[in-house]
Structure formats: structure tokens, C-alpha cells
Amino acid sequence: MSLLISNGRIITASDDYVADVFCEDGTISAIGRNLPSHRFQADRTIDAAGKYVMPGGIDVHTHLDMPFGGTTSADDFESGTIAAAFGGTTSLVDFAIQYRGKTMRHALDDWMARASGKAVIDYGFHMILTELPDAGLGDMDTMVAAEGVTSFKLFMAYPGVFMVDDATIFKALRRTGDNGGLVCMHAENGGVIDVLVQEALRKGQTAPKYHALTRPARAEGEATGRAIALAELARVPIYIVHLSSADALEKVRQARDMGLPAYAETCPQYLFLSSDNYEEPGFDGAKYVMSPPLREKWHQDVLWRGLAKNDLQVISTDHCPFCMSEQKELGKNDFSKIPNGAPGIETRLTLVHHGGVRSGRISLNRFVDLCSTTPAKMFGLFPRKGTIAVGSDADLVVFDPNADRTLSVKTLHMRVDYNPYEGTPVKGAPSIVISRGSVIIEDGRFVGKKGAGRFLKRGPSLAPAGL
Ligand code: URP
Ligand code: ZN
Ligand code: ZN
Numbered sequence: 398m399s400l401l402i403s404n405g406r407i408i409t410a411s412d413d414y415v416a417d418v419f420c421e422d423g424t425i426s427a428i429g430r431n432l433p434s435h436r437f438q439a440d441r442t443i444d445a446a447g448k449y450v451m452p453g454g455i456d457v458h459t460h461l462d463m464p465f466g467g468t469t470s471a472d473d474f475e476s477g478t479i480a481a482a483f484g485g486t487t488s489l490v491d492f493a494i495q496y497r498g499k500t501m502r503h504a505l506d507d508w509m510a511r512a513s514g515k516a517v518i519d520y521g522f523h524m525i526l527t528e529l530p531d532a533g534l535g536d537m538d539t540m541v542a543a544e545g546v547t548s549f550k551l552f553m554a555y556p557g558v559f560m561v562d563d564a565t566i567f568k569a570l571r572r573t574g575d576n577g578g579l580v581c582m583h584a585e586n587g588g589v590i591d592v593l594v595q596e597a598l599r600k601g602q603t604a605p606k607y608h609a610l611t612r613p614a615r616a617e618g619e620a621t622g623r624a625i626a627l628a629e630l631a632r633v634p635i636y637i638v639h640l641s642s643a644d645a646l647e648k649v650r651q652a653r654d655m656g657l658p659a660y661a662e663t664c665p666q667y668l669f670l671s672s673d674n675y676e677e678p679g680f681d682g683a684k685y686v687m688s689p690p691l692r693e694k695w696h697q698d699v700l701w702r703g704l705a706k707n708d709l710q711v712i713s714t715d716h717c718p719f720c721m722s723e724q725k726e727l728g729k730n731d732f733s734k735i736p737n738g739a740p741g742i743e744t745r746l747t748l749v750h751h752g753g754v755r756s757g758r759i760s761l762n763r764f765v766d767l768c769s770t771t772p773a774k775m776f777g778l779f780p781r782k783g784t785i786a787v788g789s790d791a792d793l794v795v796f797d798p799n800a801d802r803t804l805s806v807k808t809l810h811m812r813v814d815y816n817p818y819e820g821t822p823v824k825g826a827p828s829i830v831i832s833r834g835s836v837i838i839e840d841g842r843f844v845g846k847k848g849a850g851r852f853l854k855r856g857p858s859l860a861p862a863g864l
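Everything in the sequence shown is counted per the working numbering, starting at 398 for the first residue and increasing by one.
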């Protein structure tokens, strides 16, 4: 099967030129101006004149079919990856959970079973560690060397569920120095937050907005600084997930200025939404209950500057959808029981293009870098994914920079009963999405195949070399 994408404006993290892209058997085999038709006869030609041709988006932070907060995230690997594809994402890295008393092997088998036969785009896994007995150290090595699970998420928050102590964090970090893995950190001070949550509940402060008021930005800044210090002591890189605040960004910036390999991602919710959303009427603030919480609006500008200056390297989604009905409403009378998370897997590229590129905050190249290229480099997928080059997988997005959309739960495809950006107008959207050379989205329809997504055995991160 061959595919020719002609006359598009090729945008990578570093290039911007008009050319044809020829794909054969799932990979890109030629790129050039006016590729001669007698040598490059394609089964199908797509005219991309006037459109951008970009590497498919890579979302390195999703939670599909994830048991959490007394329920399970509303998108499974079929509905979630279809929604991702509509949004121009062609690879994702989700999280398998190693529960206490269970092995990493068990966790990986569990999450493989959740994804295989369902995912419509390629997927990999990070491993969430909830404990690390000595026997687990060897399991970390096996995950990295044999299974292609080359990153581990640890939590400094959610006591009693996911939170681990500093000794466990330090042990895990040190081991990645030997095995080439990368630690991803949920950096919020869970102990402090727990005290604030219990205090609020005792005072009868049960509404969704107290979720945010009991998780101050300082608690994120403190944990971020501590995580980076532990990584410095262990002499390894660290990657901070879903960074939401100026306080936390300042810790990353300082570390990077000192030459430390500290990295961080932020997510569209922290760039486009704010703590004002918790003031929406009734129980609607629950739509935005996530951790870290939404911050005051002024943090948004600081995060955009961090993205432009490479203090932040990645934009992921932390897609973790729960319906208002039956799921978020578990916390109707107690904000601490509202399942944490929000949908976003489908809206990342269009939001970042609209609010970042069109508004002049980041360049087109930086857009591709943040949403595809650096995620691939950070998580051992580059150059197979994350760029447009001969030999790379033909994961491509034909992006129409002039398409007008209004974001709405009525037209988006995530399996959740609200959208945090309801009614937001955006300009620029994917028009055709290609996964390993096959068109999977066109004319506003999904035309791919359930189960066509393949497990991605990832290599080591390029983080130690500097990103
Ligand atoms: O609220 C969030 N972020 N839910 C997903 C779990 C996590 O911490 O990433
Ligand atoms: Zn987290
Ligand atoms: Zn998450």
C-alpha cells in the first residue's frame, strides 16, 4: 500500500517547506519537490496544497480505562484512541499501574489486555510504581531492557493510594541511572494537602472549589523542588508531569539554569482554563477537579513563556475523563471524593495551534516540537515517531490552518458527558490523519480499524543527552 501526499507545507520541529511525501508499507520512503509520478506511483494521492503536513501528535500522558477514585476513566482504548485520532494524535503513552503486592509484570499484562485489539493508534506504557521492594529493582531493569517500558511514574501525592516516600523515590531514581529508564514525577506535597483537605471538610467546606483551595501552588512548587533535588542526588534526569503553576516552573527553570537535566510537561487545561472555572454554578466546578488543580489566570502567561523558552519541553493532555453523571457526582457532598481528571485527548493540537501559534506565543515549529518531536525524544520513540523523515513511520496529520471549529461535547468524540472548553471557537484543525501509512480520519469520519494500533516497545530517553 502506497500513499502520496502532494504539495503540502511540511512542518517539523526544525523545517518548513513545500514538498511531496511518499509513503510505502507504513513508512516514509521519499520526500521531494514534484516527485516524478513514473517513479512514485501511489495507490492513493492526497492533495495537501494550502495545508500543513505535520508528524502525528504524540500524547505521552493519558489514562484510558483506568480504575481511579472509586470508578474507571470513561474512555477505554477504543473510544479514547479514536478521539485521539480525530484530534491528530497518532501515538500515545498511557500508564500501567503496579499495585502494592503485585508485580510490574502483572501490571503490564493487565494494561496490554486493556489495549490490545482495541487501540486504533500505536501505544506504549509508562509503569506507575506504588512501592519498590528490593525485588522490584530488577523488575525495573526488565521493564526497560526487555519490555520497552522505559519510564516510571511516581507520586508525591495521593497518600494511601499512589504516594511513595522520598526513600522509594530516591531508590527508583538511582536505578534509572543504571538501567536507562526515566522517572516521571507527580509533584505535589501529599502530606500537606491531606492536612488541608481534612481541615476543610471539618469546616463543612465540601464544594468542588475546595479541591483547588486545598492544593496550593506552593505545595506543587515544594514537591517539584524536592523531586529535582532527589534526582540531582541520584545524578539522573527527571521529568515532572502535568506542571500547572509558576511556582513549580520556577524550580524547573532554576535547575535547568544550573545545567541539571530537569524536564517538565504542561497540559492545555493549565494554559486555557483557570481557577475561575471552579466558580461555575451548582456542582459544575467538578468538571475541573483534577490534580494539580487549575490555577489563577496569571499562571497561564508564565507557562506559555516557559514553553517558548524551553523551560517546559512537552505538552501532553493528562486525559483522564469522568462523566458528571454517576462519576464526578460521587463527590457531590465531599470534593475529596470527586474522581480527579478531565478529558483532553482530542483537543490538544487544535487548542495549542489556536492559542499558541495563531496568537503568536509559539512558532509553528515549536508547536510540532512540543506536541510530537520532543515527546518522541523524551520517551524513546524518535526518530521512528515524531518527525517527517525517510524511514520514519508514516504517522502524519494534514492540518488545515483555516478550519473553524467550535469545541463542544456534541461534536467531539471522547466518551464523556461534558467538555471543559464548551463553546470555545478555534481556528485550525486536522483534516486527514494517517497512521503508519493508512488514512484513519477523513471527511470528519473515523475510517481506521479497531485493534490496528500496535504496542510500542520504546527505547531509552534522549533526556540524558539534553533536550
Ligand atoms: O487529576 C488527574 N491528574 N488525574 C489523573 C491522575 C494523575 O495524577 O495524573
Ligand atoms: Zn499525576
Ligand atoms: Zn495523569
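Glycine included, every Cβ here is placed at the ideal spot set by N, Cα and C.
- Looking at Leu700, Leu761, Arg842, Ala862, the one whose alpha-carbon comes closest to that of Ala661 is Leu700.
- Under the Cβ criterion (8 Å, minimum of three pairs), the stretch 567-586 counts as touching the stretch 548-558.
- A distance filter of 6 Å between CB atoms and the heavy atoms of ligand 2 selects the following residues in sequence order: His583, Val638, His639.
- Contact check between the stretch 460-472 and the stretch 762-778: fewer than three CB pairs, one atom from each, fall below 8 Å, which does not count as touching.
- The alpha-carbon separation between Ala826 and Val795 amounts to approximately 9 Å.
- In this structure, His639 places its C-beta atom within 9 Å of the C-beta atom of Asp715.
- For Ser476, the uninterrupted alpha helix (DSSP H) segment begins and ends at 474-483.
- Between Tyr667 and Ser641 a beta carbon distance of about 4 Å is seen, short of the 8 Å cut, so the two are scored as contacting.
- When only Cα atoms are considered, Gly863 and Leu727 end up about 43 Å apart.
- DSSP, reduced to helix, strand and coil, places Gly841 outside both helices and strands of the structure shown, so it counts as coil.
- Annotated as distal: Pro736 and Phe680, with beta-carbon spacing of 9 Å or more.
- Taking C-beta separations shorter than 6 Å and ignoring five residues to either side along the sequence, the partners of Ala512 in its chain run Phe474, Tyr520, following chain order.
- Note: Ala705 is not bridge-paired with any residue in the DSSP secondary-structure output.
- In this structure the stretch 521-531 touches the stretch 487-498; the number of beta carbon pairs closer than 8 Å is three or more.
- Only buried fits Gln710, as 16 or more other CB atoms lie within 10 angstroms of its CB.
- If you look at Gly588, you'll find it in the alpha helix (DSSP H) that goes 587-599.
- Here the C-alpha atom of Met721 lies approximately 26 Å from the C-alpha atom of Ala614.
- Distances from the CB of Asp715 to the heavy atoms of ligand 3 include at least one below 8 Å.
- C-alpha of Phe437 to C-alpha of Val558: approximately 55 Å in a straight line.
- Of the candidates Asp536, Phe732, Thr663, the residue whose Cα lies closest to the Cα of Leu610 is Phe732.
- Taking C-beta atoms as the reference points, Glu544 and Lys854 count as a pair closer than 9 Å.
- The DSSP-derived three-state label of Pro464 is strand.
- Look at Asn674 here: in three-state DSSP terms it is helix.
- Membership of Phe492 in the beta strand (DSSP E) is indicated by the continuous run 486-495.
- With a cutoff of 8 Å, His458 counts as near ligand 3, since its C-beta is closer than that to a heavy atom of the ligand.
- Inside the stretch 609-652, DSSP marks whole beta strand (DSSP E) runs of 3 or more residues at positions 635-637, from first to last along the chain.
- Boundaries of the alpha helix (DSSP H) harbouring Arg745: 745-749, taken from the DSSP string.
- Restricting attention to Glu619, Thr500, Ala705, Ile635, the CA atom closest to the CA of Val589 is found in Glu619.
- Of the candidates Phe549, Asn576, Met537, Ala624, Ala624 places its Cα closest to the Cα of Asp562.
- The continuous alpha helix (DSSP H) containing Leu505 extends over residues 501-512.
- Contact between the stretch 476-486 and the stretch 737-747 is present: three or more C-beta pairs spanning the two stretches fall below 8 Å.
- Counting the other CB atoms within 10 Å of its CB gives Glu617 a total of 16 or more, which places it among the buried residues.
- Assignment of Glu421 by DSSP, reduced to helix, strand and coil, places it in the strand class.
- The secondary-structure analysis by DSSP pairs Phe680 with nothing; it has no beta-bridge partner.
- Taking a C-beta distance under 9 Å as the contact criterion, Val415 and Arg406 qualify as a contact pair.
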